[in-house]
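Residue numbers (our numbering), protein chains in the order written: chain A, 64 to 1029; chain B, 18 to 379; chain C, 12 to 195.
All residues carry an ideal CB built from backbone N, CA and C; glycine is no exception.
Everything numeric in this text was worked out from a predicted model, so none of it was measured.
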Amino acid sequence: MAKKRKGVYYYDIDKLNFIFAMLAIATLIGVAWMIWDDYAREWKSYQRQFRVIETEVTQQQLADVEAQVDQQELTRLQQQRDSAEESLAAQQEAFSALQDELVSAQKVLDQADQESRFAGSTFDARRWEYEEAAHAGGGEAPRQLARMEEAAAAVAETRAHLEEVTTERDRIQGEIDELLANLDDALAGLASMAREIERLQDRLDDLRFGFVYAVRNAPMLDALNPSLRIKQAVIDDLPVDLNFAGAPRVDRCETCHLGIANPALEGQQQPFAAHPRLDLFVADTSPHPMGEFGCSSCHLGKDRATSFVSAVHTPDSESEEHRWVDEHGWAPTHLWEWPMRPSYETEASCLKCHMDDTWLPDAPVLEYGLELVETLGCYGCHALKRFEEARNTGPSLEHVGVKTTQEWAYGWVSDPKGFRPDTPMPSFFGNENNSDEYWQSRNVVEADSMVAYVFESSTDIELETPSRGGDVASGLQLFESVGCQGCHIADEPGSEGFPTDEPRFTGYRFRGPNLFGIGSKVNEDWLYTWVKGPEHYWAETVMPNLRLTDTEATDLTAYLMSLRQPGWENQSLPEVDEALRDDVLLEYLRNQLSSVDAEARLAAMDNHEKRLLLGQQLIARYGCNGCHTIPGFEGSGRIGTELSAWGSKAVAQLDFGLLDLPHERRAFLEQKLEAPRSFDDGKVKAPQELTRMPDFVLTDEEVGAISTAILGYTDEEIPDSKKPEKTPRREAIEAGRQLIDKYSCRSCHILEERGGAIRTVIAEQGMAEGRTRPAALAFAPPNLRTQGARTQPDWLYTFLHGPELIRPWLSVRMPTYGFTDEELNTLTMYFAAVDDAPYPFDEKFTLAHSYPRDMVRAGDRLASDDILKCFRCHVREGVTPATDPSQWGPDLALAADRLRFEWLQDWIADPQAIMPGTSMPQYFTDLSPGSSPYVDRVRGNAPILDQDPVTQIEALASYIMSLGQR
Amino acid sequence: MLDSIQAIIDRLFAPEILLTASIVLLLLFFKYRKFCTQNKWMIMLILGGPVVYFALSAFEENFWIQFSKPDNLPITLMLWLVIFFVWLAMRKGVENDERVAAGMPVAEDTKEQKEKVFVWPDLIYIEFLMLLAVFIGILVWSILIPAPLEEPANPQLTPNPSKAPWYFLGLQEILVYFDPWLAGVVIPSLIVIGLMALPYIDPNPRGNGYYTFSERRYEIPIFLFGFLILWILLVFQGTFLRGPNWNFYGPYEYWDVHKIVPLTNVQLSEYIWARLLGVGLPAFWLVREIFGIILLLMYFVALPVLLARKWFNKFYVQMGAVRYGIAVFLFLMMVFVPIKMYLRWMINLKYFVALPEFFFNI
Amino acid sequence: MAESKAAEATLDKGEAEVKKDRRELLKSIPWLGIAWGALAAAVGGLLTGILRFLYPNVLFEPPQTFKIGLPEEYQVGEVATQWKDRYGVWVVRNDEGFYALITVCTHLGCTPNWLSSENKYKCPCHGSGFYKNGINFEGPAPRPLERAAIVLAEDGQIVVDKSRKFLYERGGWDDPSSFLLYTA
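Written as structure tokens, this is what we have:
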């Protein structure tokens, strides 16, 4: 247009056209780039890779299935099919005729069916009319009745007709079926053989990168039905916390993690690997199916993200971080508040749903962390859910004056780990922020005052005195045999006897304090009184009563008092800088009074009063009452912040001080646990502004476990449908487990496959005497597996209340715990609930006379020394057998009151199934009738109860149950 | 060595120094306009200097963090464009002034310039091509630099710093010195009213349709003072030099949330009553604030009269009392802002008149 | 001297000619056509992009495919109603296997109820009645209830896929996916 009249325009139109063309092409390139940028997604390349992997796996599966095809069967079916087709072809005329017959019979039937239906509905209607008329009264009823009866007749008629034609039709159908029988059979057989192969081949076709695939996934065309698509799980009831709203959780992880639920892909390279423990997670049959829980509810991270970096993956280690930076351009994302948990921290997420679970065997790190929290007593200063009812971690100081001396206590308070390195009590003095010259003197003042206060307020209780001449050697032997070692160690850390197979603090043998050096701590009378009856000194102790005789107690006391720590003998109280003490007290007084009043108050006190008042102020500051009962501090609160929602705390609200730490919750927490007072480094603070959290001197593993536990404390609200179901059985089991933890039953017994710490000690002792390990373990406390199914609840209740002797060959003694009625009920219910045994009533109400005499007699014969020889091993009414004690079995006379009749029979039938490794032999391997090999040898091999093993077992059980009644 | 240079530059960007230096530089620019717009070296310095400075500073980590934020990139670009167009306008103005002085018509008045062109295709075609170019630019920008999205909003946790959109950062900056009623309502309203009133109070008919400086030697500096110093500079300061807690941070300074700067301020009434006279503050507000009130009256009432008689006499005569009154009020209000700022920096003055009883402080 | 000048003139002329050739070549290309073509293509691309947005990549509807447990959990001859509220299917088991009926009445879309005492599905809206196998026999329903695809998953659970429907009147019930052969 403009070309011809060039000179008229201001601009050179040709040049403008050229520029236009360039810009248009640039626009086209830009738009194409934009479309491509939107289309080419990271996750698509992963899905393409996965298709290749899936193809390989499917091909492998196909090859496996094809190899397994029974060629003979296949040929046979094919032949059958061919011959059936031939014979059918030969009978083609008859076949068609039959089919025509069928069609007409069907038509007749349909007609008859319809008539029958009409008749039926007419009858229904008329019946209703009649009933209404009869009910209403008036003269309508007879007419309606007549109509109804007419309809009934029609129904009967049409129904009869229908039956006729149905039979006819069925007959014809039957003939046709007969003709087709062979063919149908063969076809069905072939189809079922081919089903799996066809399925796999269809899958392979789907996976091919062919034309269909290209079209389905082309840019723009992928709107309709792409094979490369986002996969998401929408979970409405576990919303993502967006501060002012909760958005439904939409987990798109599966878009890249395509093999997450496929067990065949275990061990594949990421991101295609299957999830570990598919029996627990992800699979639809597991307790945590992905459709119900998603992924980010446990792993955190950004649920709706579809790329590696935006999903906020967190590397597990520095080397992994470098690799991710290289491969994915990974950088930390500060703008998502919930970065994915590193894999070592994933268990923290278990806590928000399983807060009430006492034991968490499938989450070992979390369980260890929570156990540490319980043992170290973090809840003494920091309120924590789950530990609301927890008992004081440290012993009561109400009567500490009769137990030890101020001098010893001063040394202990100044440095507990100097006396007992494995004590849970942390260090308050000599930490990072109170070790300079000034603080060294001040620490002395503070510790001295605190001890003074505690001992001043301690009240006296009466103590017993041991008789003279306690034998140390007997005491040692008693200590090693009666069961003390299940809960106590009496060795220095690093020495030979110190256990290395259990974690300190939470190990069962660390339940009670390490008694090494105890002679330097306590006085003899106190120890004697304690050992004879711990509850006298401390009502809430969990140490049970060993029912020691006076001699035993005297010997034991003598032995324990012989354990000394030289550095802790004959100590004296320190020299206190009194002027400094006055300054410190003044400092505390000025918190509440004006300077003038404070000084006046100070001047009015003498040294002793000042010491006590300062001690009281300091105990309040350091929060000692959080772990110990101290007179004067009943009802005092906790001095730390509540941590029940610490895992949800905004990182911006954490004060990192001047420390060079990554700004993450875990880094803060680990630093806090490793060196609590390091946050004061480089800061100028008044003495009372200093951090006062004491130092627990934890190992890296302990710090990691506690961090995992605390990070699990979030403020998310989980609906009950996601939490473990609270059935009465579960509640009974949880309540029982709590008591088991409290009284450390697992120090001696194996309960639910874990525990029995004392077994190691007993095994070592036995093997030192020359026994084999299994024989040595015969002297260990029993494994309480199936205790609920085994014993009668009444008996168990009585036993726990006051133990009686069942296994006389054991030198370990089941102590008396002094359980309350409620605790006894909880424990017996627990055992029954674990085994799902009937509670509180037994299945068969067992009275002596309910056992038939002939059964008892037969059992007597079977048990005698001629046949099964039961009493070669079992104690009988107090009489011990002649064999080695490691072979003995419990007193069978106790069975009547103690055991459950049904369980006894199960036990005799297959002891290994109930208690693997038991030395009780299995006498009946085959339970089919007539297969028992045990005949009455005395009476000429006469059969016993028709050689039926089940009856023989019942006879044995009846005999055993009747023993105690004689 | 580098650290000390950076430390010096950090100090130079402090609000008090930045404001003073900017005013001085602007005045010098007016005075030596011919040199600044025609000398080869000055051109390179004025137009290229910021670019070079930016390029060199980009290697510094803290500088890069702020200037590379997707929100701040357009502002960086805008700053350079503002400098460029002011410089260009001055250059054309100087040119025209010289032409007029030589007796020639202004550059816009030549025969070539008075030629008419066709709307289609000359105007529309060019506009269309520009449309395409801008479209491509925006398209490429949007592909390469995704829109910035921060973390989900948390009602319990205010972001630190909390900044207004860039076009309001000038006002957020003067909130440091002024009461919110003034900084947020009165002054912005006066800006708007002032702009609307410009045709009314500007009696100078020159400079219509052509660039000039000497023919509008009062209007241009006053406007540019208000626009460049009191608006653009404060926006720049609010964007790049204000960090957490609205503290000042130099361009190379790390935005440490824990930085503590003493910021105690004293009322004028406290200065006079308590410090000077040694008595307690009077209870009744009129007595208490009498000194401030008198000062302000002198400034807003007595001073215009004085100016009308002496230095602004020309304007008074030319515009008449009413127009002069409005114009001088707006002018004094504008100058009041830096005066207050300086008094705050020098003697920690909080308010001349503090009337919390009426929610009015100035 | 003159020679060099002449030579120079020739050189210049050569250059000018080259330039002229280049200019004519450039002029012969239809820039305007190319420009409009490219622009049309770009605008077309943008429009296609807009159309693409009408088909979302993800939907937040409840899943159409779901697992309903193991075959052993269902009684032969019974209609299982536990999935009616959540997924909208009845699961029926007979001697030969399983089928899943979609709980949408084929008359006007209401949800019928299974009346086990009367052995029929009855729709409360207009009284349509269906046999246990879904065939309509009563009321205004024009066709039988629809079946959903039902297969056995690898872990042994039954999987129902409501996105694949099978209509009796179109021979859909002959399709093997509409029926899960399963004999205990």
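| Asked | Found |
| --- | --- |
| Tell me HIS351 (chain A)'s beta-bridge partners as DSSP assigns them. | A:PHE344 |
| How many Å lie between GLU374 (chain B) and ALA768 (chain A) at the Cα? | 59 Å |
| Taking C-beta pairs closer than 7 Å, name the residues in chain A that THR122 (chain C) reaches, listed in chain order. | Within chain A, no residue comes near THR122 (chain C); the closest Cβ sits about 22 Å away, beyond 7 Å. |
| Since ILE218 (chain B) contacts ALA344 (chain B) with CB under 8 Å, what's their CB separation in whole angstroms? | 4 Å |
| My output table needs one value for ASN608 (chain A): the three-state DSSP class, helix, strand or coil. | strand |
| If you draw a straight line from the C-alpha of TYR914 (chain A) to the C-alpha of GLU1017 (chain A), how long is it? | 10 Å |
| Can you tell me the Cα-Cα spacing of GLU28 (chain C) and LYS38 (chain C), whole angstroms? | 15 Å |
| Is it right to say LEU149 (chain B) is buried, meaning 16 or more other beta carbons lie within 10 angstroms of its own, or is it exposed? | buried |
| When you compare only the Cα positions, how much space is there between LEU35 (chain B) and LEU349 (chain B)? | 22 Å |
| What are the complete alpha helix (DSSP H) segments, minimum 4 residues, inside the stretch 794-829 of chain A? | none |
| Measure from the alpha carbon of VAL171 (chain A) to the alpha carbon of each residue in A:ALA426, A:VAL228 and A:GLN131, then state which is nearest. | A:VAL228 |
| What residues of chain C sit near THR348 (chain A), judged by a beta carbon separation below 8 Å? | ASP166 and GLN168 |
| Quick one: complete beta strand (DSSP E) runs, 3+ long, within the stretch 102-140 of chain C? | 108-113, 124-126 and 131-133 |
| According to the neighbour-count rule (16 or more other Cβ atoms, all chains shown, within 10 Å of its Cβ), is GLN93 (chain C) buried or exposed? | exposed |
| Rounded to the nearest angstrom, how far is the Cβ of LEU363 (chain A) from that of ARG312 (chain A), given a contact under 8 Å? | 11 Å between Cβ atoms; not a contact. |
| Assuming PRO155 (chain C) and TYR179 (chain C) are in contact, meaning their beta carbons sit under 8 Å apart, how far apart are those beta carbons, in whole angstroms? | 4 Å |
| Apart from the five residues on each side of it in sequence, which residues of its chain come closer than 7 Å, Cβ to Cβ, to GLN284 (chain B)? | LYS367, TYR368 and ALA371 |
| Name, going along the chain, the residues of the stretch 83-107 of chain A whose beta-carbon falls closer than 8 Å to a beta-carbon of chain D. | No chain D appears in this structure, whose protein chains are A, B and C. |
| Got a sec? Which residues, its chain only, sit under 7 Å from PRO32 (chain B) by beta carbon, not counting five neighbours each side? | GLN254 and PHE265 |
| Please state whether the Cβ-Cβ distance between VAL218 (chain A) and GLY252 (chain A) is less than 8 Å. | no |
| Assuming LEU10 (chain A) and LEU619 (chain A) form a contact by the criterion Cβ under 8 Å, report the distance between their Cβ atoms to the nearest whole angstrom. | The structure shown does not extend to residue 10 (chain A), since chain A spans only 64 to 1029, so no value can be given for it. |
| Along the stretch 164-181 of chain A, where does the CB come closer than 8 Å to a CB of chain C? Name the residues. | ARG180 |
| Using a beta-carbon distance below 8 Å, is ASN171 (chain B) in contact with chain A? | yes |
| Please decide whether GLU400 (chain A) counts as near chain B, where near means a Cβ-Cβ distance under 8 Å. | yes |
| So for THR879 (chain A), helix, strand or coil by DSSP? | strand |
| Counting C-beta neighbours from all protein chains within 10 Å, is the total for ARG271 (chain A) 16 or more, i.e. buried, or is it exposed? | exposed |
| What residues in its chain sit with their C-beta under 8 Å from that of SER504 (chain A), if we drop five residues either side in the sequence? | ASP640 and LEU643 |
| Using Cβ-Cβ distances below 8 Å, what residues of the stretch 289-316 of chain A are close to chain B? | LEU305, ASN306 and PHE307 |
| Return no unless some Cβ of chain C is closer than 8 Å to the Cβ of PHE186 (chain A). | no |
| Are the CB atoms of VAL128 (chain A) and LEU263 (chain A) nearer to each other than 8 Å? | yes |
| Entirely within the stretch 41-92 of chain B and at least 4 residues each: give me those alpha helix (DSSP H) ranges in chain order. | 50-55, 57-60, 66-74 and 78-84 |
| If contact means a Cβ-Cβ distance below 9 Å, which residues of the stretch 156-167 of chain B contact chain A? | LEU156, VAL157, SER159, ILE160, LEU166 and GLU167 |
| Report the rounded CA-to-CA distance for LEU774 (chain A) versus ILE61 (chain C), giving the unit in angstroms. | 45 Å |
| Apart from the five residues just before and just after LYS133 (chain C), which ones in its own chain have a Cβ nearer than 7 Å to its Cβ? | PRO123, ASN124, LEU126 and GLY140 |
| Would you mind telling me which residues of chain A sit closer than 7 Å to TYR142 (chain B), beta carbon to beta carbon, in chain order? | LEU79 |
| Apply the 10 Å Cβ neighbour rule to ALA911 (chain A) and answer buried if 16 or more other Cβ atoms are within range, or exposed otherwise. | Low confidence applies here, because ALA911 (chain A) scores a pLDDT of 49, under 50, leaving its location unreliable and the question unanswered by this model. |
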